[in-house]
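Engineer:
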Amino acid sequence: MLRSFVVTGGSQGVGRAVVERLAADGHVVVLDLAGAPTWAHPAVTFVGGDAGDVGIARRAAEEAEAVAPLAGWVNNAAVFRDAPITAPPSDVLAAVTANLALAVTGCHTAVGHFLRHRRAGAIVNVSSHQAQRPVRGALPYATAKGAIEALTRSVAVDHGPDGVRTNAVALGSIETARYQEYRRAHPDADRQMAALHPLGRVGTGQEVADAVAFLLSDQAAFVNGAVLPVDGGRAAQGADPEAG
275 MLRSFVVTGG SQGVGRAVVE RLAADGHVVV LDLAGAPTWA HPAVTFVGGD AGDVGIARRA
335 AEEAEAVAPL AGWVNNAAVF RDAPITAPPS DVLAAVTANL ALAVTGCHTA VGHFLRHRRA
395 GAIVNVSSHQ AQRPVRGALP YATAKGAIEA LTRSVAVDHG PDGVRTNAVA LGSIETARYQ
455 EYRRAHPDAD RQMAALHPLG RVGTGQEVAD AVAFLLSDQA AFVNGAVLPV DGGRAAQGAD
515 PEAG
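Using the working numbering, the first residue of the sequence shown is number 275, and each one after it goes up by one.
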C-alpha cells in the first residue's frame, strides 16, 4: 500500500537525501522555510513555510494524507545560530527555542494526525553527537539537541500505546554543502575529521537516509524511544592521553 511522509528541512543537505530515499517507498511532502527547491521528483511535493508553525505543519500533513495515508514524519529542520551563556538569557533561550520548537511542533502535528486517523505511525527526530559532546560555539544547538533526545523518549513512552513509534538519529559530521564550505576554509579539515571519526571519514547523506528509512519501516516495528548514533563512532571515541 502506498504511504506518505513529511520531511522538514528537506530541500537540501541531509534532508534532501532523506527525501529522495523515502520517495522510493512512497510520496514525500517537503516542509521547508527556503524557497521552492531547484530540483524536482515525481513523488515529492513542496510546502513552503516555517516548520515551527502549527498551521503550516498541519497543512503539510494534510497534503501528504491527500496522496496516501501519512505513515512517517521526519523532524530534520534545524537552525545554526550561536548565543554564548554570557549573552542575555533571553537571547540564549531564543536560540535554543528556534531549534527545539521545530521538533516539538513536528511531533505535536504527527501524533495528532495519527490519533485523529486512528492509525499507527512513526516519527524520526534528527539529533547530533553534540547532544552528548558539544563543541565550542554551539551552546544553543547542543542544548536543543539534548532536549530533542529527551523529547524523543518522552513521546515514545506517552504514545507507544497508540502505536506511534518515536526514535532519533544522532549524527556525526556529514558531507553536505555546508561541510564543503567548511572544508574550503579549512584545508586540514579531512585529516581532522578522520581523527574524530573512528571510521576515518565523515558520513554521507545517503547513510543517514538509510538509517531514517529503517526506523520508519516495518522492520523497526519494535524499536521505540531509541537514539541511534549515525556518526562513524564519533560519540563513542574518547581522547587518548598517550597520543602524541
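C-beta: ideal position from N, C-alpha, C; glycine also.
Pull up the CB-CB distance for Cys381 and Leu425, whole angstroms please, since I reckon it's below 8 Å.
Structural biologist: 6 Å
Engineer: Answer yes if the segment 390-402 comes into contact with the segment 354-367, meaning at least three C-beta pairs across the two stretches below 8 Å, and no otherwise.
Structural biologist: No: fewer than three Cβ pairs fall under 8 Å.
Engineer: Report the partner residues of Arg277 according to the DSSP bridge assignment.
Structural biologist: Gly300
Engineer: So the beta strand (DSSP E) Ile397 belongs to, where does it begin and stop?
Structural biologist: 395-402 is the extent of the beta strand (DSSP E) around Ile397.
Engineer: Between which two residues does the beta strand (DSSP E) containing Ala442 stretch?
Structural biologist: 438-445
Engineer: Measuring only the C-alpha atoms, how far is Glu455 from Thr312?
Structural biologist: 20 Å
Engineer: What residue from Ser491, Gly507, Leu307 has the CA that sits closest to Ala298's CA?
Structural biologist: Among Ser491, Gly507, Leu307, the Cα nearest to that of Ala298 belongs to Ser491.
Engineer: Less than 8 Å separating the beta-carbons of Pro414 and Ala459?
Structural biologist: no
Engineer: So the alpha helix (DSSP H) Pro363 belongs to, where does it begin and stop?
Structural biologist: 363-390
Engineer: Hey, Leu389 and Asp436: beta-carbon distance below 8 Å or not?
Structural biologist: yes
Engineer: For the 8 Å Cβ check, are there 3 or more pairs between the segment 326-342 and the segment 358-369?
Structural biologist: The segment 326-342, when compared against the segment 358-369, does not touch it at the 8 Å Cβ threshold.
Engineer: Between the Cα of Ala308 and the Cα atoms of His315, Ala325, Val318, which residue gives the shortest distance?
Structural biologist: For Ala308, the nearest C-alpha among the options comes from Ala325.
Engineer: Can you give me the C-alpha to C-alpha distance between Val302 and Val280, rounded to a whole angstrom?
Structural biologist: Answer to the nearest angstrom: the Cα atoms are 6 Å apart.
Engineer: Using alpha carbons as the reference points, say which of Gly507, Gly420, Leu276 lies closest to Ala468.
Structural biologist: Taking the Cα of Ala468 as reference, the smallest distance to any Cα among Gly507, Gly420, Leu276 is reached at Gly507.
Engineer: Mark Arg452 as exposed unless 16 or more other C-beta atoms lie within 10 angstroms of its C-beta, in which case mark it buried.
Structural biologist: exposed
Engineer: Leaving out five residues before and five after Arg427 in sequence, what residues of the same chain have Cβ atoms less than 6 Å from its Cβ?
Structural biologist: Gly499
Engineer: In the DSSP assignment, find the alpha helix (DSSP H) that holds Val486 and state where it starts and stops.
Structural biologist: DSSP places Val486 inside the alpha helix (DSSP H), whose first and last residues are 479-490.
Engineer: Looking at the structure shown, is Ala345 part of a helix, part of a strand, or coil, going by DSSP?
Structural biologist: strand
Engineer: Give the DSSP-derived three-state secondary structure of Ile359 in the structure shown.
Structural biologist: coil
Engineer: How big is the Cα-Cα spacing for Gln480 and Arg392?
Structural biologist: 32 Å
Engineer: Please tell me whether Val348 and Val486 are closer than 8 Å, where the distance is taken between their beta carbons.
Structural biologist: In contact: Val348 and Val486 (Cβ atoms closer than 8 Å).
Engineer: Would DSSP call Leu413 helix, strand or coil?
Structural biologist: Helix.
Engineer: If I follow the unbroken alpha helix (DSSP H) through Leu470, where does it start and stop?
Structural biologist: Start and end: 463-470.
Engineer: Using the rule of at least 16 other Cβ atoms within 10 Å of the residue's Cβ for burial, across every protein chain shown, is Asp538 buried or exposed?
Structural biologist: With the chain covering only 275 through 518, there is no way to say anything about residue 538.
Engineer: Could you check whether Gly289 and Asn373 sit closer than 8 Å to each other, using their CB atoms as the reference points?
Structural biologist: It is not a contact, given that the beta carbons lie outside the stated cut-off.
Engineer: Can you look up Val248 in the DSSP assignment and give me helix, strand or coil?
Structural biologist: Here the chain comprises residues numbered 275 to 518, so residue 248 is not present and cannot be evaluated.
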